[in-house]
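Here is the structure we will look at, set down as structure tokens.
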Amino acid sequence: MTLRAAGIAVHFGALRAVDGVDLAVGPGEAVGMVGPNGSGKSTFLNAVTGVVAARGSLEVAGRRVPLGRPGAIRRAGLARTFQSPQTFRELTCIENVLLADRDRHATGLAGAWLGRRAMWRRERRRWARALAALDRVGLADRAEEPAGLLSYGQQRMLELARALVGEPAVLVADEPSAGLDDTETAELARLLGDLPARGVSLLVVDHKLDLVEQVADRVVVMQLGRVIADGPPAEVWRRDEVVEAYLGRRGAARG
Ligand SMILES: Nc1ncnc2c1ncn2[C@@H]1O[C@H](COP(=O)(O)OP(=O)(O)OP(=O)(O)O)[C@@H](O)[C@H]1O
Ligand SMILES: [Mg+2]
Numbered sequence: 001m002t003l004r005a006a007g008i009a010v011h012f013g014a015l016r017a018v019d020g021v022d023l024a025v026g027p028g029e030a031v032g033m034v035g036p037n038g039s040g041k042s043t044f045l046n047a048v049t050g051v052v053a054a055r056g057s058l059e060v061a062g063r064r065v066p067l068g069r070p071g072a073i074r075r076a077g078l079a080r081t082f083q084s085p086q087t088f089r090e091l092t093c094i095e096n097v098l099l100a101d102r103d104r105h106a107t108g109l110a111g112a113w114l115g116r117r118a119m120w121r122r123e124r125r126r127w128a129r130a131l132a133a134l135d136r137v138g139l140a141d142r143a144e145e146p147a148g149l150l151s152y153g154q155q156r157m158l159e160l161a162r163a164l165v166g167e168p169a170v171l172v173a174d175e176p177s178a179g180l181d182d183t184e185t186a187e188l189a190r191l192l193g194d195l196p197a198r199g200v201s202l203l204v205v206d207h208k209l210d211l212v213e214q215v216a217d218r219v220v221v222m223q224l225g226r227v228i229a230d231g232p233p234a235e236v237w238r239r240d241e242v243v244e245a246y247l248g249r250r251g252a253a254r255g
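The opening position of the sequence shown corresponds to residue 1 in our numbering, with each subsequent residue numbered one higher.
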């Protein structure tokens with residue numbers, strides 16, 4: 001499995017925000033995660049990316065990785081984008097992507113001098129990779145501009161480039177369509193939809209069910225910290241417990 005999370009539990013005092021969740025994402029698979037506000041989706045993603053203390057076990061790209069270790073989890077091949085974009089506004093777009101690249105060797109001065117040909121080769125490769133990642137999200141022509149000059153939608157795309165530059169085995173995206181207009185959402189759906197074919201598995205949380213249905217082969221529905229349904233989107237939407245927990249809100253949201 002590309003991502004296997006078992007028995008994940010996160011408690012905040014008496015609140016069981018995530019209450020024993022098992023979830024596996026296979027190679028080349030795209031899984032959507034939906035559920036009402038506060039059902040524990042972001043907290044689950046925080047648990048599997050190691051940024052919140054959690055119980056359970058985690059496997060990334062077939063290897064056991066300890067929970068609570070964001071760096072190790074990232075190096076194992078799990079990348080993540082956040083509910084609100086995390087970019088460095090003063091740095092240029094390409095600098096933002098370079099900083100996210102996991103191939104960052106600390107050579108030291110002497111090592112850099114002795115190995116300078118190798119270092120330059122590696123630097124050139126890093127820049128080429130960063131530029132390719134920007135190109136993939138349509139930002140290649142903004143490479144030298146400060147990230148702060150980008151529109152909100154473009155910042156979300158920059159965040160996606162940062163997540164993809166290290167060629168992760170799996171991307172975990174929290175509400176990537178939040179704040180995007182229809183055109184930007186369509187572009188996002190195209191980008192996310194392409195990932196599995198490029199060898200990047202996907203776990204995407206989003207409130208836009210159309211987007212989820214477009215990119216995901218399978219949907220997991222969360223309620224009160226638990227998985228209440230797991231299956232192909234068209235089938236899952238029809239289940240009574242899902243209609244009750246979630247689709248009522250969908251109807252309401254769509255007026
Ligand atoms: N750091 C925290 N401390 C205390 N409670 C928290 C913390 N983070 C989240 N919670 C609570 O845990 C529950 C799950 O929240 P979470 O953000 O995971 O929900 P969500 O499914 O992502 O919701 P949304 O769709 O609104 O993003 C909520 O009741 C929330 O208030
Ligand atoms: Mg959330």
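No residue lacks a Cβ here, since even glycine has one placed at the ideal position from N, Cα and C.
- Beta bridge pairing from DSSP links A6 with S57.
- Using a 10 angstroms sphere on the CB of N37, the tally of other CB atoms stays under 16, which defines it as exposed.
- Taking the Cα of V204 as reference, the smallest distance to any Cα among L131, A72, D230 and V172 is reached at V172.
- Counting the other CB atoms within 10 Å of its CB gives T49 a total of 16 or more, which places it among the buried residues.
- Taking a 10 Å sphere around the C-beta of T183, we find fewer than 16 other C-beta atoms and assign the residue as exposed.
- Taken atom to atom, the span from the alpha-carbon of T87 to that of A147 is near 7 Å.
- Per DSSP, reduced to three states, the secondary structure at R117 is helical.
- Cβ contact annotation for G32 (same chain, cutoff 6 Å, sequence separation greater than five): V204, V212, A216 and V219, in chain order.
- Of the residues T81, P27, A61 and W237, the one whose Cα lies closest to the Cα of V51 is T81.
- Between the stretch 10-22 and the stretch 176-193 there are fewer than three C-beta pairs closer than 8 Å, too few to call the two in contact.
- Counting only runs that start and end inside the stretch 153-208, the alpha helix (DSSP H) elements of at least 4 residues fall at 182-194.
- In this structure, A161 places its C-beta atom within 9 Å of the C-beta atom of N96.
- In this structure, the beta-carbon distance from M222 to S57 does not fall below 9 Å.
- Distance check between A178 and each of L158, L192 and D206 places D206 closest, using alpha-carbon atoms only.
- DSSP, reduced to helix, strand and coil, places T87 outside both helices and strands of the structure shown, so it counts as coil.
- Counting only the Cα atoms, V60 lies some 13 Å from R69.
- Taking 8 Å as the cut-off, one finds no heavy atom of ligand 2 near enough to the beta carbon of K208.
- At a cut-off of 8 Å, the beta-carbon of V221 does not count as near ligand 2: no heavy atom of the ligand is closer than that.
- The C-beta distance from A130 to D101 rounds to 6 Å, short enough to fall under 8 Å.
- When the Cα atoms are used, E144 and T43 turn out to be separated by approximately 35 Å.
- Cβ atoms of R55 and A9 come within 8 Å of each other, at about 5 Å.
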